[in-house]
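Numbering (the working numbering), first residue to last: 300 to 774. Heads up, the beta-carbon is just placed ideally off N, CA and C, and yes, glycines get one too. These notes concern the structure reproduced below.
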Amino acid sequence: MAEKKKKNELEEKLVYKTKFIWKESKTKEKKDIFRFSEDYKKFVGEVKTEREFVKKAKEMAEKAGFIPIEKAKGKPGERIYIINRNKSMALVILGKKDIVEGANLVVSHIDAPRIDLKPHPLYEDKETYLALLKTHYYGGIKKYQWVNIPLALHGTVYLKNGKTVDIVIGEDENDPILILPDLLPHLARKVQGDRKAFNTIEGEEMNLLIGSMPVEKLEEGETIKLNILKLLNEKYGIVEEDLISADLEIVPAHKPRDVGLDKGLIAAYGQDDRVCSYTNLRAILDTKNPAKTAIALLMDKEEIGSDTNTGSKSMFIEYLYTEILALTHETFTPRELYRAMTNTQVLSADVDAVMDPSFKQVHEPLNAARISHGIVVTKYTGSGGKYSSNDAHAEFIGKIMKLFDENGVYWQPGELGKVDEGGGGTIAKFMAERNMDVVDCGPGLLSMHSPMEIASKADVWSAYLAYHVFFQKNQ
Ligand code: MN
Ligand code: MN
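Printed below as a string of structure tokens:
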């Protein structure tokens, strides 16, 4: 007996174990988890593009006392936002300490894999009597998952008359949907049966159904196409040329749903990475008078490499730091700018994969994250010998683990798949390029990049707690 006790003590002292949140959490915390997940479901069901995220985040920020940077005075505790081309955004709470001593920054991305329209998308197929839209997918999708499901069109069109119109078609129950029809199995044996799984549907076969009826009182020409243009023109004032410049995105039309009889999981489109972006946003809105300046960055274009001026490779981040320095200092030099960035600590808030129950062979069990075990702290990402990875330093990641432990944040270590199985990158390395300390940290998903990604409500909650504790307490 005594020996057994001794062994248990030793085990407790020396052995690392993850925690299954549903077993660890008390009734009150379970209530908090479920309440928070209802807010999250509502948000992620409404917000399906980066523009929509920025618009909604601005509304929520203003309600929580954030003001545009042009109106800021530079006082500690001041709550500020800055928007970049309607597609990325920073929320800042000025700290009691000078930003030159560093900020606490959480960066997440608000773009998600989807299907974009080509610049000249609309055509009529004479032989099939249908009008269709040509598409070009965005991000790493398994294209076969996007056929035969209800799809919605979200976007912004810049009209010839100089006005812009926002469009959402397919979200209301009475709206029509768009759809990518797949080939019937009866005739697919040869044409699809011999293809590799990833090519079951090819990019140029992703042609969206948008119409089937001709315009009235016209016998000749592309009457079905013309009818669609007429409908678009009547409702939005759009002419075909306007489509060339438009940002038009095709996304799943379905709403988030609870999964399982116990309702512990959420299935929804766009959880990579709006689960982190929503919790990042909520965390900064709930932060008050932090010691160090808190910055929530909501970035675009992560899914296609973080390029462009709204992605994380953009100088928008340097611009943001310069603006904060200008607000809080009479004068400053590049030295202060570089010091502020060098002293900044970053959580790269992006999703990881949890162990898949039906494809365990791609994971290495000791280092695979598990669902409902808290946010995944990922020391390094990348692939094939850690290539193209952020490799967080022991001092920094250890400090973050300690911060989480001391504040009741459920977390677990994780590595994305077996060595040489595949891999993936995040925004982390672009923050590391700016000489900031950064570690990846976000909930794990099942079915990542699919039209219905799956997260645990417990993990969503732990992400919120993690980012909030970091903003409020990381010294
Ligand atoms: Mn992501
Ligand atoms: Mn992704």
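Problem set entry | Buried versus exposed call for D561 [16 or more other C-beta atoms within 10 Å across all chains shown] | Here residue 561 is taken as the residue at index 262 of the sequence shown, counted from 1. When all chains shown are included, D561 counts as exposed.
Exercise. Got a sec: does ligand 2 put a non-hydrogen atom nearer than 6 Å to the Cβ of E602?
Worked result: The residue you call residue 602 lines up with position 303 of the sequence shown. E602: yes, Cβ under 6 Å from ligand 2.
Exercise. Which two residues bound the contiguous beta strand (DSSP E) that contains M505?
Worked result: Here the question's residue 505 lines up with position 206 in the sequence shown. No beta strand (DSSP E) holds M505; DSSP gives it neither H nor E.
For this session: Report the three-state DSSP secondary structure of G344 (helix, strand or coil).
Result: For the purposes of this step, residue 344 is taken as the residue at position 45 of the sequence shown. In the structure shown, G344 sits in a helix (DSSP, three-state: H, G or I).
Problem set entry | Rounded Cβ spacing between G344 and P551 (contact assumed at less than 8 Å) | Here residue 344 is taken as the residue at index 45 of the sequence shown, counted from 1. Here residue 551 is taken as the residue at index 252 of the sequence shown, counted from 1. No, G344 and P551 are not in contact; Cβ-Cβ is about 10 Å, not under 8 Å.
Exercise. Can you name, in chain order, every residue of its own chain whose Cβ lies under 8 Å from the Cβ of N541, other than the five neighbours on each side?
Worked result: Locating residue 541 in the sequence shown gives position 242, where the first residue counts as 1. The sequence as given places Asp at residue 541; Asn does not occur at that position. V456, Y457, L458, K459, listed in sequence order.
Problem set entry | Beta-carbon separation (whole angstroms), G536 vs V467, contact threshold 8 Å | By 1-based counting over the sequence shown, the position of residue 536 is 237. By 1-based counting over the sequence shown, the position of residue 467 is 168. Not confirmed; about 16 Å, so no contact.
Problem set entry | Unbroken beta strand (DSSP E) run spanning K685, endpoints | Within the sequence shown, residue 685 is the residue found at index 386, counting from 1. That residue, K685, is in no beta strand (DSSP E); it is neither H nor E in DSSP.
Problem set entry | Distance between G461 and E358 (C-alpha atoms, nearest Å) | As a working mapping, residue 358 is identified with position 59 in the sequence shown. As a working mapping, residue 461 is identified with position 162 in the sequence shown. So the alpha carbons of these two residues sit roughly 25 Å apart.
For this session: With distances taken Cα to Cα, identify the nearest neighbour of L596 among F335, T326, S407.
Result: Here residue 596 refers to the residue found at position 297 of the sequence shown. Ranking F335, T326, S407 by Cα distance to L596 puts S407 first.
For this session: Would you tell me roughly how many angstroms separate the C-alpha atoms of L580 and R573, rounded to the nearest one?
Result: Start at 1 with the first residue of the sequence shown, and residue 580 comes out as number 281. Start at 1 with the first residue of the sequence shown, and residue 573 comes out as number 274. Their Cα atoms are separated by approximately 10 Å.
For this session: Could you check what DSSP says for T630 in three-state terms: helix, strand or coil?
Result: Locating residue 630 in the sequence shown gives position 331, counting from the first residue. Here DSSP, grouped into helix, strand and coil, assigns T630 to coil.
For this session: Could you work out which residue in E533, I527, E601, D649 is closest to T578 when comparing CA atoms only?
Result: Numbered from its first residue, the sequence shown carries residue 578 at position 279. When only C-alpha atoms are compared, the closest one is D649.
For this session: Could you spell out the range, first to last residue, of the beta strand (DSSP E) harbouring S761?
Result: Here the question's residue 761 lines up with position 462 in the sequence shown. That residue, S761, is in no beta strand (DSSP E); its alpha helix (DSSP H) goes 756–772.
Problem set entry | Residue nearest to E472 in terms of C-alpha spacing, selected from L745, Q491, P449 | One-based indexing of the sequence shown puts residue 472 at position 173. Cα-wise, what sits closest to E472 is P449.
For this session: Please state whether DSSP places E635 in a helix, a strand or coil.
Result: Here the question's residue 635 lines up with position 336 in the sequence shown. E635 falls in the helix class under three-state DSSP.
For this session: Taking all protein chains shown into account, decide if H485 is buried (16 or more other Cβ within 10 angstroms of its Cβ) or exposed.
Result: The residue labelled residue 485 in the question sits at position 186 within the sequence shown. Exposed, since its Cβ has fewer than 16 Cβ neighbours within 10 Å.
Exercise. Counting pairs of beta carbons, one from the segment 680–694 and one from the segment 717–726, are three or more of them closer than 8 Å?
Worked result: yes
Exercise. Near T607, what residues of its chain come up, given a Cβ to Cβ distance below 6 Å and the 5 sequence neighbours on each side ignored?
Worked result: The residue labelled residue 607 in the question sits at position 308 within the sequence shown. For T607, where only same-chain residues beyond five positions count, the Cβ hits under 6 Å are K600.
For this session: Please classify V738: is it buried, with 16 or more other beta-carbons within 10 angstroms of its beta-carbon, or exposed?
Result: By 1-based counting over the sequence shown, the position of residue 738 is 439. It counts as buried.
For this session: Could you check what DSSP says for K433 in three-state terms: helix, strand or coil?
Result: In the sequence shown, the residue the question calls residue 433 occupies position 134. Shown here, K433 sits in a strand according to DSSP, grouped into three states.
Exercise. In chain order, what residues of the same chain have a beta carbon less than 6 Å from the beta carbon of G394, not counting five sequence neighbours either side?
Worked result: Counting from one through the sequence shown, the residue named residue 394 turns up at place 95. The residues are P589, A590, K591, T592.
For this session: Could you give the DSSP three-state label for T609: helix, strand or coil?
Result: The count along the sequence shown starts at 1 and reaches residue 609 at position 310. Here T609 sits in coil by DSSP.
Problem set entry | Cβ-Cβ separation, I523 to T434 (assumed contact under 8 Å), whole Å | Position 135 of the sequence shown, counted from the first residue, corresponds to residue 434. Position 224 of the sequence shown, counted from the first residue, corresponds to residue 523. No, T434 and I523 are not in contact; Cβ-Cβ is about 18 Å, not under 8 Å.
Problem set entry | Cα-Cα separation, D546 to K717 | Taking the first residue of the sequence shown as position 1, residue 546 is located at position 247. Taking the first residue of the sequence shown as position 1, residue 717 is located at position 418. Answer to the nearest angstrom: the Cα atoms are 37 Å apart.
Exercise. Are V768 and N706 touching if we call contact CB-CB under 7 Å?
Worked result: Start at 1 with the first residue of the sequence shown, and residue 768 comes out as number 469. Start at 1 with the first residue of the sequence shown, and residue 706 comes out as number 407. Result yes, Cβ atoms of V768 and N706 sit closer than 7 Å.
Problem set entry | Sequence-distant residues of the same chain with beta carbon closer than 7 Å to Y766, five excluded per side | Walking along the sequence shown from the start, residue 766 turns up at place 467. Setting aside the 5 residues that flank it on each side, Y766 is surrounded in the same chain by V405, T578, N579, A582, L646, A648, each with a C-beta closer than 7 Å to its C-beta; the list follows chain order.
Exercise. Does the distance from the CB of V676 to the CB of C575 come in under 7 Å?
Worked result: If you number the sequence shown from 1, residue 676 lands on position 377. If you number the sequence shown from 1, residue 575 lands on position 276. The criterion of a C-beta distance shorter than 7 Å is not satisfied by V676 and C575.
Exercise. For ligand 2, any of its heavy atoms closer than 6 Å to the Cβ of G410?
Worked result: Your numbering for residue 410 matches position 111 in the sequence shown. In the sequence under discussion, the amino acid at residue 410 is Asp, which differs from the Gly named in the question. No, the Cβ of D410 stays beyond 6 Å of every heavy atom of ligand 2.
Exercise. Any residues whose CB sits closer than 5 Å to a heavy atom of ligand 1? List them in chain order?
Worked result: D571, D572, D649
Exercise. Three-state secondary structure (DSSP) at A496?
Worked result: Residue numbering aside, residue 496 sits at position 197 when the sequence shown is read from its first letter. The answer is helix: DSSP assigns A496 an H, G or I state.
Exercise. Do the segment 394–403 and the segment 412–427 touch if we need at least three Cβ pairs shorter than 8 Å?
Worked result: no
For this session: Can you have a look at T326 and say buried or exposed, based on whether 16 or more other CB atoms are within 10 angstroms of its CB?
Result: The residue given as residue 326 occupies position 27 in the sequence shown. By the 10 Å Cβ count, T326 comes out exposed.
For this session: Could you name each continuous beta strand (DSSP E) segment of 3 residues or more that falls completely within the segment 694–748, going from the start of the chain to the end?
Result: Counting only runs of at least 3 residues, the segment 694–748 fully encloses the following beta strand (DSSP E) elements, listed from N- to C-terminal order: 710–712, 736–741.
Exercise. Grouping DSSP H, G and I as helix and E and B as strand, with all else coil, what is M640?
Worked result: Translated into the one-based positions of the sequence shown, residue 640 becomes position 341. It is helical.
Problem set entry | Own chain residues within Cβ distance below 6 Å of I527, not counting five before or after | Within the sequence shown, numbered from 1, the residue matching residue 527 stands at position 228. The answer, listed in chain order, is A430, I509, G510.
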